[in-house]
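Here is the structure we will look at, set down as C-alpha cells.
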Amino acid sequence: ASGGELSRISLAISVVSSDSEYTPTLIFDEVDVGISGAVAEVVGQKLKQLSQHYQIICITHLAQVAAFGHQHLRVQKSQDKEGAQTTVTQLSNNQRVDEIARILGGSTITDKTRTAAAEMISLSVQKTTH
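Here the numbering used here is used: the sequence shown runs in plain steps of one and ends on residue 137.
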C-alpha cells in the first residue's frame, strides 16, 4: 500500500475508534494522495470530525482538505551554500486564504482564486456546523 493509502486506512480506523481510544494527537501525512475533489472534501470533513476530540496534524496538497483546517502552518524548505533549511510559519486568516488560493491556482494568486479559496473555507465551516 502507498503512503496515501495507509494514511486513509489510518483515518478510517481513527474515525471508527475515536470513542474508545485516546491518543491526543493524530498525524496524517498526505492523506489526500490519489483522490479527487469530492472524495477530498469527505476526507476533510472526517478530519474535522476527529478534531473535535484530537489534535490533528495533516500534511495535504489539496485545497478541499486544507479548507477544513482550523489552523494552518506553511512549511517551506530552502537550500543555500550552508545546506537545507526548513521554516514553519503560522498563517493568519488572510494568509490561509492566500495559501489555499495558491494550492488552487499555482504561483499566481488572482482575485478569482482568492475568492474561491475564501468560499471553500466558508463552506467548510458551514458543513461542519450543520
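C-beta: ideal position from N, C-alpha, C; glycine also.
Between the alpha carbons of residue i and residue j, how many angstroms are there, rounded?
i, j, result
"G138", "H68", "Given a span of 8 to 137 for the chain in the structure shown, any question on residue 138 remains unanswerable."
"S43", "V50", "10 Å"
"K53", "K88", "42 Å"
"D105", "T117", "9 Å"
"T122", "S99", "16 Å"
"Q133", "H79", "18 Å"
"Q86", "Q92", "6 Å"
"T135", "E126", "14 Å"
"A45", "Q97", "27 Å"
"D39", "N101", "24 Å"
"K55", "C65", "11 Å"
Of all the options the options, which has the alpha carbon lying nearest to the alpha carbon of residue i?
i, options, result
"A124", "V46, T115, R81 and R103", "R103"
"S58", "R81, I34, V46 and M127", "I34"
"D36", "V46, E48, I63 and Q56", "I63"
"I107", "P31, F75, G90 and K55", "F75"
"Q71", "R81, I110 and K84", "I110"
"E48", "T32, Q92 and A73", "A73"
"T94", "G112, Q86 and V82", "V82"
"Y61", "G112, S114 and P31", "P31"
Return the first residue and the last residue of the alpha helix (DSSP H) that residue i is part of.
i, result
"V40", "Neither: V40 is in no alpha helix (DSSP H) and is coded neither H nor E."
"L111", "N100 to G112"
"A70", "A70 to A73"
Would you say residue i reaches chain D, if we count a Cβ-Cβ gap shorter than 7 Å as a contact?
i, result
"M127", "The structure shown contains no chain D; it is built from a single protein chain."
Considering residue i, what are the terminal residues of the beta strand (DSSP E) in which it resides?
i, result
"Q59", "First-last for Q59: undefined, no H or E at that position."
"G90", "G90 to Q97"
"Q86", "L80 to D87"
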